[in-house]
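Mapping the sequence shown onto this note's numbering, position 142 (from 1) lands on 132, and the numbers just tick up by one. For reference, the structure is listed below as C-alpha cells.
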Amino acid sequence: MTVHDTAHAPTPLTLERLSALTARVAEEVRQGLHEIRFDAEDRWSVRLHADDHTDVWLISWTPDQSTRLHDHAGSLGALTVVTGALVERYWDSGLRERTLAEDEGGTFPLGHVHDVVNTGAEPAVSVHAYSPPLTAMHYYDVGSDNTLRRTSSVLTTDPEPDVPTLEDVPAREGAR
C-alpha cells in the first residue's frame, strides 16, 4: 500500500468516481453537447458543472500549450482526453512522463505533482474533475539536485489561474 492509497480528501468521491465522471462528460463533448473554443495564446477553459463536492472543467490545448508543474492542494482530480493527445509529466522521486491519447485519462491523488502539455501538432481537448472543488494550487520547480521545491501557492477556483512565473516578476531595484 502506498501513501496515496491511504490519503483521504474531505470528499465522498473517490478517484474512480472522478475518472468515470470525466469519461462520461468527455462522451458528451464528443456528441457536441458542449461548445469548445481554442485560443492560441492561452489555454481556454469553461466550468461545465459545480456543486458542493465536485467541479468539472472543459479545457482546450493548442500545440505547445502547457501548465506549470503543480498540484491541486487539497483536491483529488481526474482527467480524460477527448481529442488529441496530452503528455503528463509527473513527480515520482524524479520527473516521469506518460502520454494520454484520445479516450485515455489519469487520476490525481492528494499530493500528485504534475505538468500537462500538448506536444502534438494538433489541438487537444480534455475534461477535468476536482473534488472537493479547487480552492488552491501549489507550484513547483525541480532543483539542480533533482529535488522538488514548492515555489508558490495561489488561492483559486480556476484550474487555469493567471499565475506569474519568477521570470515574469520584475526584479526590485537594489535587490541582489
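Glycine included, C-beta positions come from ideal geometry on N, C-alpha and C. The structure presented is a predicted model; accordingly, all values stated were derived computationally and were not measured.
Query                                                                                                          : Result
Cutoff 7 Å; reference Thr12; Cβ partners in own chain excluding five residues on either side                   : Ala68, Leu69, Thr70, Gly95, Val117, His118 and Ala119
Leu124 vs Ser65 beta-carbon contact at 7 Å                                                                     : yes
Alpha carbon of Arg98 to alpha carbon of Pro0, nearest angstrom                                                : Going by the sequence as given, residue 98 is Phe instead of Arg. Taking the straight line joining both Cα atoms gives about 15 Å.
Other residues of its chain near Trp81: CB distance less than 6 Å, five sequence neighbours each side excluded : Val103 and Leu138
Where the alpha helix (DSSP H) through Thr14 begins and ends                                                   : Just to set this straight, residue 14 is Arg in the shown sequence, not Thr. First-last of the alpha helix (DSSP H) with Arg14: Leu5 to Arg20.
DSSP three-state assignment for Gly164, whether helix, strand or coil                                          : Note that Gly164 has pLDDT 40, beneath the 50 cutoff, so the model's placement of it is unreliable and no number is given.
Leu23 - containing beta strand (DSSP E), residue span                                                          : Element bounds for Leu23: n/a, residue is neither H nor E.
Identity of the residue in Tyr130, Val46 and Asp148 nearest Gly84 by Cα                                        : Tyr130
Sequence-distant residues of its chain with Cβ nearer than 7 Å to Thr109 (five each side left out)             : Val77
Length of the line joining the Cα atoms of Gly133 and Gly22                                                    : 43 Å
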